[in-house]
Amino acid sequence: MSSISRTGFTILSGALIAVTLGVSAFAADTVRVRGKVESLQGKTLSVKTREGTNAKIMLKDDWKVSSVAKASIDDIKPGDFVGIASLPTADGGDGALEVLIFPAAMKGTGEGSYAWDLKPNSSMTNATVADAVKSVDGHTVTVTYNGQEKKISIPEGTPIVTFASAVEADIKAGATVFVPSEKAADGSMSSGRVVVGTNGVVPPM
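Taken in order, the sequence shown gives residues 4 to 208; the numbers are from this note's numbering.
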């Protein structure tokens, strides 16, 4: 994947595990906030969510920010570890909603296939690419995880990205963000990670 910049992957690799898809023993308390920044005041991030609500998220002391960089179908190679959000298709298979190509240091993160909330009935599959992307009748990729195999079609126009570095100043009013957060019993939310859209590329997950 020489065309994909890996700047900042070393420092991001450990901290991005939560972003990856929020699959953990605490999944019931996970809230994935998607929307646009209203403000960042100190460590309080205010987001106008895609549902139209206002979310206030307290950022943890060691919080990190990252962005995503645009990639392409040609960047997906056998042996790569990917996260693919998908929906069931009419023919019984799965069709990708987005593809995230992980840096090599994050291979194996959150491996498996899980329910996801990008769209109703969507799932997230974190898996290893088993063979080259096929281009017969559209693009299809075969991935393996935990001894299982799945074929996922990738329609034209599907967002394909990888992680990239970002700075706090990128979290400005109007910026699109994805914030995997923890919701406490009192309804308050906190997070150690913000993924922010930069250079016209928004977090598709």
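We treat Cβ as the ideally placed atom computed from N, Cα and C, and that holds for glycine.
Between D32 and the set V205, S191, E185, the nearest pair of CA atoms involves E185.
A contact is defined here as three or more CB-CB pairs under 8 Å, and the segment 58-67 fails this definition with respect to the segment 98-115. In the three-state reduction of the DSSP assignment, E159 falls in the coil class, being assigned neither a helical nor a strand state. Beta-bridge analysis with DSSP links A99 to S89. Secondary structure of A74 (DSSP, three-state): coil. Membership of P206 in any beta strand (DSSP E) is not indicated, and neither H nor E is assigned to it by DSSP.
Here K67 is buried, its C-beta having at least 16 other C-beta atoms within 10 Å. A straight line joining the alpha-carbon of D120 with that of S126 spans about 7 Å. Only residues of its own chain outside the window of five on either side were considered, and among them K154, I155, S156 have a CB closer than 8 Å to the CB of G96, listed in chain order. With a 10 Å radius around the Cβ and a threshold of 16 neighbouring Cβ atoms, G86 comes out buried. Taking I76 as the centre and dropping the five residues before and after it, the same chain places the C-beta of V136, H142, I157, I163 closer than 7 Å to its C-beta, in chain order. Residue range 33-44 is occupied by the beta strand (DSSP E) that includes L43. Rounded to whole angstroms, D134 and P81 show a C-alpha spacing of 5 Å. Assigned with DSSP and collapsed to three states, E114 falls in coil, not helix or strand.
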